[in-house]
Amino acid sequence: MRILFLSPRQCWPTRSGAKLREYYFARALAQRGQVTYLHFTDPGAEPLTRKDLPFFQEVVAIPKPPAYGPAKLIRGAFGRWPLPILNYTSDEMSAAVDRLTSSDAYDLIHLDLLHMIRYGEAIVRRAGSATRIVYNWHNIESEAMRRFSATVSSPAKRWYARLTAAKLASLEQHILKTAFGHVVCSVRECEELRRTAPSARIAVIENGVDTADFCPGVQVSGQAHKLVFVGSMDYYPNVEAATSFTRRIWPVLRRRFPDLNLWIVGANPTSAVLQLGNEEGVTVTGTVPDVRPYYRDALAAIVPLRTGGGTRLKILEAMAAGVPVVSTPLGAEGLAVTPGENILLADPDDAETWLRHLGQLTLSEVARTALSASAFDLVRTVYDWGILGRKLCDTYEGWLRGEP
Numbered sequence: 006m007r008i009l010f011l012s013p014r015q016c017w018p019t020r021s022g023a024k025l026r027e028y029y030f031a032r033a034l035a036q037r038g039q040v041t042y043l044h045f046t047d048p049g050a051e052p053l054t055r056k057d058l059p060f061f062q063e064v065v066a067i068p069k070p071p072a073y074g075p076a077k078l079i080r081g082a083f084g085r086w087p088l089p090i091l092n093y094t095s096d097e098m099s100a101a102v103d104r105l106t107s108s109d110a111y112d113l114i115h116l117d118l119l120h121m122i123r124y125g126e127a128i129v130r131r132a133g134s135a136t137r138i139v140y141n142w143h144n145i146e147s148e149a150m151r152r153f154s155a156t157v158s159s160p161a162k163r164w165y166a167r168l169t170a171a172k173l174a175s176l177e178q179h180i181l182k183t184a185f186g187h188v189v190c191s192v193r194e195c196e197e198l199r200r201t202a203p204s205a206r207i208a209v210i211e212n213g214v215d216t217a218d219f220c221p222g223v224q225v226s227g228q229a230h231k232l233v234f235v236g237s238m239d240y241y242p243n244v245e246a247a248t249s250f251t252r253r254i255w256p257v258l259r260r261r262f263p264d265l266n267l268w269i270v271g272a273n274p275t276s277a278v279l280q281l282g283n284e285e286g287v288t289v290t291g292t293v294p295d296v297r298p299y300y301r302d303a304l305a306a307i308v309p310l311r312t313g314g315g316t317r318l319k320i321l322e323a324m325a326a327g328v329p330v331v332s333t334p335l336g337a338e339g340l341a342v343t344p345g346e347n348i349l350l351a352d353p354d355d356a357e358t359w360l361r362h363l364g365q366l367t368l369s370e371v372a373r374t375a376l377s378a379s380a381f382d383l384v385r386t387v388y389d390w391g392i393l394g395r396k397l398c399d400t401y402e403g404w405l406r407g408e409p
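Letter by letter, the sequence shown follows residues 6 to 409 of my numbering.
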């Protein structure tokens, strides 16, 4: 296979769930074929080269354009293209796409996220509707935006988010009916999209984890007094989860378990997240080179999400590290988990259930060990990146052979 892999971000270093999914997908494809990796460079970062990603045939880095300016906000409200698309609109990227697709014949063009739709549309206009473009959906963007609108307090932001969600939904309907194929994170998302386009070619390739990399089997003693919440702390769903949990649930937990500590671990914490470090028993680490040490001796990893979409790699990583997971139902959405068997679930504002679950983990080593062992078996057999990478390659090769 000859593949053009077009991304709105650089996949290395892998400091977010989106980058992890992209990196392991791209690396797997490069093991089966020749991949040209065309991407936007993260602001302030050095452009990636083949020295960083030697498995690619070619690496092309384009500076990411400025986002969220006043002009883009106005165009996003009153023009055809919503703001999430405008933020990734670049003449330099357009020129690079034109150059690569004019000089090379690709079997398939992989677009990471709906955000890159304008480049896909330009390729189709020039090369024809037979162009094989596949969209990799990290989540359903319109759904995530609608959920955001339900949690934001500002009436203006709520109106803008609802408007943006409607425009994103229209674009999603368009690509579902016209693109060669689609890859989604979960069966739930696949079913949602099939309601819109029953005949669309959609494959479920889940998010994953490198199970060998997380050294599972750490035995947590009954004296463990650490909860960890891991994630990019400039991503709104994580910011909202960290702040709401710390303000609403954490004081109740702390009164019941006075030795308990909460560690919020993740890159680029916003000012709202940094302020949480002033709360008793709360530590905000900021960017760390490796999240694995923070799972050691943790009583549990928490995922108190109230909004967002896709599936959460932070849950899979905690399971691979041998740490029990307590999540909201939305946080575990899309994962093939069984509550009480390999995960514990609590509604975001249900302090009593959070207390009950953490009390169970504190008092019963048998329950804690059984939960962790079942969770590790799940990620080892279903969610390992090696398994998922082969599944992705087999899917693409089958599609190119004409299989549905």
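Note that CB positions come from ideal geometry on N, CA and C, so glycine has one too. Note that the structure is predicted; figures quoted are calculated from it, not measured.
{"Check": "7 angstroms Cβ cutoff met for V296 and T275", "Outcome": "no"}
{"Check": "T343 burial status per 10 Å Cβ neighbour count (16 or more: buried)", "Outcome": "exposed"}
{"Check": "E196 classed as buried or exposed, judged by whether at least 16 other C-beta atoms fall within 10 angstroms", "Outcome": "exposed"}
{"Check": "Cβ-based neighbour list, I348, same chain, cut-off 7 angstroms, excluding 5 preceding and 5 following", "Outcome": "V330, S332, A337, V342, A380"}
{"Check": "Beta bridge counterpart(s) of V384 as assigned by DSSP", "Outcome": "V384 pairs with nothing; no bridge assigned."}
{"Check": "Own chain residues within Cβ distance below 8 angstroms of D112, not counting five before or after", "Outcome": "M6, R7, I8, G38, R137, L405"}
{"Check": "Distance, N266 Cα to F10 Cα", "Outcome": "42 angstroms"}
{"Check": "Where Q15 falls, given that 16 or more other Cβ within 10 Å makes a residue buried", "Outcome": "buried"}
{"Check": "Beta strand (DSSP E) segment containing P68, residue limits", "Outcome": "63-68"}
{"Check": "DSSP-derived helix/strand/coil call for W142", "Outcome": "coil"}
{"Check": "Sequence-distant residues of the same chain with beta carbon closer than 8 angstroms to T19, five excluded per side", "Outcome": "L25, Y28"}
{"Check": "Identity of the residue in T290, Y42, Y401 nearest T106 by Cα", "Outcome": "Y42"}
{"Check": "Cβ neighbour criterion (16 or more within 10 Å) applied to N141", "Outcome": "buried"}
{"Check": "Closest by C-alpha distance to T312, when choosing among A149, S249, L383", "Outcome": "A149"}
{"Check": "Where T292 sits in the DSSP three-state scheme", "Outcome": "coil"}
{"Check": "Closest residue to S418 among P71, S377, L116 (Cα-Cα distance)", "Outcome": "For the chain, the structure presents residues 6 to 409; residue 418 sits outside this window and is missing."}
{"Check": "Residue burial classification, Y73 (beta-carbon count within 10 angstroms, cutoff 16)", "Outcome": "exposed"}
{"Check": "Same chain, Cβ closer than 7 angstroms to L58, neighbours up to 5 away in sequence not counted", "Outcome": "W17, Y42, V64"}
{"Check": "Under 7 angstroms between C-beta atoms of L181 and A205", "Outcome": "yes"}
{"Check": "DSSP beta-bridge partners of H187", "Outcome": "Y140, I207"}
{"Check": "Paired residues, beta bridge with Y42 - DSSP", "Outcome": "F10, V64"}
{"Check": "Own chain, CB closer than 7 angstroms to R259, minus 5 neighbours either side, in chain order", "Outcome": "L265, E285, G286"}
{"Check": "Burial state of S1 (16 or more Cβ within 10 Å)", "Outcome": "Limits of the chain in this structure are 6 at one end and 409 at the other, which puts residue 1 out of reach."}
{"Check": "P344, DSSP secondary structure in three states", "Outcome": "strand"}
{"Check": "C-alpha gap between H115 and I320, whole angstroms", "Outcome": "26 angstroms"}
{"Check": "Whole-angstrom C-beta distance between A229 and A306, which should lie under 8 angstroms", "Outcome": "12 angstroms between Cβ atoms; not a contact."}
{"Check": "P234 - partner residues in DSSP beta bridges", "Outcome": "Position check: residue 234 holds Phe in this sequence, whereas Pro was assumed. DSSP lists I269 as partners of F234."}
{"Check": "Beta-bridge pairing of I122 - partner residues as DSSP gives them", "Outcome": "Per DSSP, none; premise fails for I122."}
{"Check": "Inter-residue CB distance, A247 and V278 (contact presumed, cutoff 8 angstroms)", "Outcome": "5 angstroms"}
{"Check": "Sheet register partners of D389 (DSSP bridge)", "Outcome": "V214"}
{"Check": "Every unbroken beta strand (DSSP E) within the segment 307-378, with a cutoff of 3 residues, ordered by chain", "Outcome": "330-332"}
{"Check": "Classification of V225 by the beta-carbon crowding that lies within 10 angstroms, buried from 16 upward", "Outcome": "Low confidence applies to V225: its pLDDT is 48, below 50, so where it sits in the model is not reliable, and the reading given next is rough at best. Under this definition V225 is a buried residue."}
{"Check": "Residue range of the alpha helix (DSSP H) that includes I254", "Outcome": "Here I254 belongs to no alpha helix (DSSP H), and DSSP marks it neither H nor E."}
{"Check": "Alpha-carbon to alpha-carbon, N144 and R395", "Outcome": "21 angstroms"}
{"Check": "Neighbour-count burial assignment, C398, 16 or more Cβ in a 10 Å radius", "Outcome": "buried"}
{"Check": "First and last residue of the uninterrupted beta strand (DSSP E) at L116", "Outcome": "113-117"}
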